[in-house]
Structures are given as C-alpha cells and as structure tokens.
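Residue numbers (my numbering): 664 to 742.
For glycine and all other residues, C-beta sits at the position ideal for the given N, C-alpha and C.
Given the structure is predicted, the values throughout are model-derived calculations rather than measurements.
To start, the structure under review is shown below, and the notes come after it.
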C-alpha cells in the first residue's frame, strides 16, 4: 500500500488527475484527511464530492503500479 497527499484545487487539475488514475488497473482511493468517506480516484463525480480546497490523501493497493502512478502525478503532490 502506498499513501501520499495531493492538492487539486483547480478543476482542470482534478480532471487531469482522474484521467491519469483511470489508466491504472488498481484501486486508487481518495479521501479528505479528517474524513472516513472514501471515493474512487478514477471517478470524476467521486473526486468532485470531496473538499478539494485542501490536500486529499491518495492510497493505492499496489506498490509497483502505485510508484508509477505517484511519479506521473508528482506535480500535484504536497507534503
């Protein structure tokens, strides 16, 4: 399992992130840090149901693919 935070405060950022997530054959879960509510990060409707004004936590269930995905979305990663 791989976990990291991203900031997608622009609509175009969220759309691009979802587009990238959709290419991967693994579970990519997104949630707000103070919430137990989780969504599929490859779902535009799911992502827009989150509060995107703050960083969100991304969790992947596959370390190898997760590292590739993390590299592809590195411009959205925050610490």
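Can you check whether the CB of residue 689 is closer than 8 Å to the CB of residue 728?
In the chain shown, the residue the question calls residue 728 occupies position 65. In the chain shown, the residue the question calls residue 689 occupies position 26. Going by C-beta atoms, residue 728 is nearer than 8 Å to residue 689.
If distances are taken between C-alpha atoms only, which option among 730, 719, 735, 724 comes closest to residue 668?
Translated into the one-based positions of the chain shown, residue 668 becomes position 5. Among 730, 719, 735, 724, the Cα nearest to that of residue 668 belongs to 719.
Please classify residue 700: is it buried, with 16 or more other beta-carbons within 10 angstroms of its beta-carbon, or exposed?
For this step, residue 700 is matched to residue 37 along the chain shown. It counts as exposed.
Can you name the residues that DSSP bridges to residue 668?
Along the chain shown, one-based indexing puts residue 668 at 5. In the DSSP output, where bridge partners are listed per residue, residue 668 has 720, 741.
Determine the direct distance from the alpha carbon of residue 674 to that of residue 725, and round the result to whole angstroms.
Stepping through the chain shown from its first residue, residue 725 is reached at position 62. Stepping through the chain shown from its first residue, residue 674 is reached at position 11. The straight-line gap from Cα to Cα measures roughly 27 Å.
Where does residue 690 fall in DSSP's three states?
Reading the chain shown from its first residue, position 27 is the one you call residue 690. Note: residue 690 maps to coil in three-state DSSP.
Which residues does DSSP pair with residue 623 in a beta bridge?
Absent from the structure is residue 623, since the part of the chain shown begins at 664 and ends at 742.
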